[in-house]
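Engineer:
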Amino acid sequence: MTSQTPVEWLGAPDTPWVFVHAHPDDESLLTAGTMRRVSEAGRRTVVVFATDGAAGLADSPPGPQLAARREAEALASAAVLGCDRVEFLGYADSGLDGDVPGGFCGVPVAQAAERLAALLIEERAGVVTSYDASGGYGHPDHVQVHQVVAAAARQAATPLLLEATVDRDQLLRVLRLVNAVGLLPTGVAMDRFSTSFVPGADITHRVDVRRYASVKRASMMAHASQAGGGDGLRTLRLLRRLPMPLFRRICGTEWFVQRDV
Ligand SMILES: [Zn+2]
140 MTSQTPVEWL GAPDTPWVFV HAHPDDESLL TAGTMRRVSE AGRRTVVVFA
190 TDGAAGLADS PPGPQLAARR EAEALASAAV LGCDRVEFLG YADSGLDGDV
240 PGGFCGVPVA QAAERLAALL IEERAGVVTS YDASGGYGHP DHVQVHQVVA
290 AAARQAATPL LLEATVDRDQ LLRVLRLVNA VGLLPTGVAM DRFSTSFVPG
340 ADITHRVDVR RYASVKRASM MAHASQAGGG DGLRTLRLLR RLPMPLFRRI
390 CGTEWFVQRD V
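Throughout the sequence shown, residue numbering follows our numbering, covering 140 to 400 in sequence.
1) Is Asp308 helix, strand or coil when you go by DSSP?
2) Can the beta-carbon of Val186 be found closer than 8 Å to that of Val225?
3) If you reduce the DSSP assignment to three classes, tell me which class Asp238 lands in.
4) Could you compute how far the alpha carbon of Leu220 sits from the alpha carbon of Ala319?
5) Touching or not, the segment 232-240 and the segment 176-184, by the rule of three or more beta carbon pairs under 8 Å?
6) Going straight from the alpha carbon of Ala151 to that of Val337, what length do you get?
7) Give the list of continuous alpha helix (DSSP H) stretches no shorter than 4 residues that lie fully inside the segment 330-400.
8) Which whole-angstrom value describes the C-beta separation of Thr190 and Asp280, a residue pair presumed to lie in contact below a C-beta threshold of 8 Å?
9) Compare the C-alpha of Pro200 against each of Ser364, Leu385, Met383, Pro384 and name the closest.
10) Starting from the Cα of Ala251, find the closest Cα among Gly229, Tyr270, Gly265 and give me that residue.
11) Rounded to a whole number of angstroms, what is the C-alpha to C-alpha distance between Arg356 and Ala215?
12) What is the DSSP secondary structure of Thr144, reduced to helix, strand or coil?
13) Among all residues, which have a Cβ less than 5 Å from at least one non-hydrogen atom of ligand 1, and in what chain order do they fall?
14) Answer yes or no: do Thr170 and Ala303 have a C-beta to C-beta separation smaller than 8 Å?
15) Between the segment 207-214 and the segment 382-389, can you find at least three pairs of beta-carbon atoms closer than 8 Å?
16) What residue range is occupied by the uninterrupted alpha helix (DSSP H) comprising Ala251?
17) CA-CA distance, Ala256 and Gln294?
18) Please report the Cβ distance between Leu314 and Val400, rounded to the nearest whole angstrom; I am assuming they are in contact, meaning their Cβ atoms lie under 8 Å.
19) Please determine, among Gly172, Val246, Gly242, Val267, the residue with the shortest C-alpha to C-alpha distance to Thr154.
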């Protein structure tokens with residue numbers, strides 16, 4: 140946190156939080172520590188997954204079997220994080236290039252927002268989380284989450300909208316560190332990250348989650364399908380392998396940008 144005390148950003152004891160994510164495993168990377176912290180503070184904690192994750196890189200082929208596996212992994216992760224409710228909107232994973240027919244990124248924003256707004260109203264959500272405008276690193280489903288949550292929060296008049304992101308300046312420092320200890324896979328272009336997420340100066344909330352490092356790691360371990368498949372930099376695979384002190388240092392903060400609803 141920059142200027143507010145934890146009590147202020149957590150909201151009143153009866154403030155429900157709704158965390159919206161594009162795919163199963165995004166929660167473990169971006170908001171796992173905050174979710175557990177919110178849950179331990181006694182706030183109702185709800186996680187919503189927009190897509191089934193069936194087009195994700197994994198150690199098994201895309202399709203319904205992968206979707207079922209990813210749903211089970213999401214439920215296991217949510218249990219670790221103390222979630223009271225897990226909701227799957229059931230849209231198709233658009234794939235990194237956004238070319239999966241019927242994918243979430245092609246769904247009209249108003250249509251998806253109406254469904255999410257109904258959930259926010261039902262939960263009397265005091266806080267909803269989303270993604271930054273670039274979707275972090277540009278995945279079309281993440282960009283769509285940014286737009287859909289903004290519209291839903293407006294419709295439901297949710298008081299606080301926090302966009303989960305990463306402090307880009309810190310990310311670049313961490314990548315240099317990981318590179319220095321020889322853990323960065325070859326062929327990873329650092330300049331790919333120079334325009335992702337948001338600059339440190341734009342961050343409004345820095346949540347200290349060092350106390351929840353082992354919980355966050357357990358959430359990542361629940362997404363076993365995401366530790367394999369694909370080439371180059373697989374964030375989950377990399378993080379799961381880090382020695383715990385380094386993991387705590389790298390994953391011990393979660394970042395948000397507060398947006399007007
Ligand atoms: Zn994702």
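Ideal placement from N, C-alpha and C gives every residue a C-beta, glycine not left out. Please read these numbers as outputs of a predicted model, since none were measured by experiment.
Structural biologist: To lay it out plainly:
1) helix
2) yes
3) coil
4) Distance between the alpha carbons of Leu220 and Ala319: 32 Å.
5) no
6) Whole-angstrom Cα-Cα distance: 29 Å.
7) 352-361, 374-380, 383-390
8) About 6 Å separates the beta carbon of Thr190 from that of Asp280, a gap short enough to meet the 8 Å contact definition.
9) Ser364
10) Gly229
11) 13 Å
12) With a pLDDT of only 49 at Thr144, under the threshold of 50, the placement of this residue in the model should not be trusted; the figure read from the coordinates follows. Looking at Thr144 - three-state DSSP - the assignment turns out to be coil, as it is neither helix nor strand.
13) That gives Ala161, His162, Asp165.
14) yes
15) no
16) Its alpha helix (DSSP H) spans residues 248-262.
17) Distance between the alpha carbons of Ala256 and Gln294 is about 6 Å.
18) Not quite, the Cβ-Cβ distance comes to about 33 Å (not below 8 Å), so this is no contact.
19) Measuring from the Cα of Thr154, the nearest candidate turns out to be Val267.
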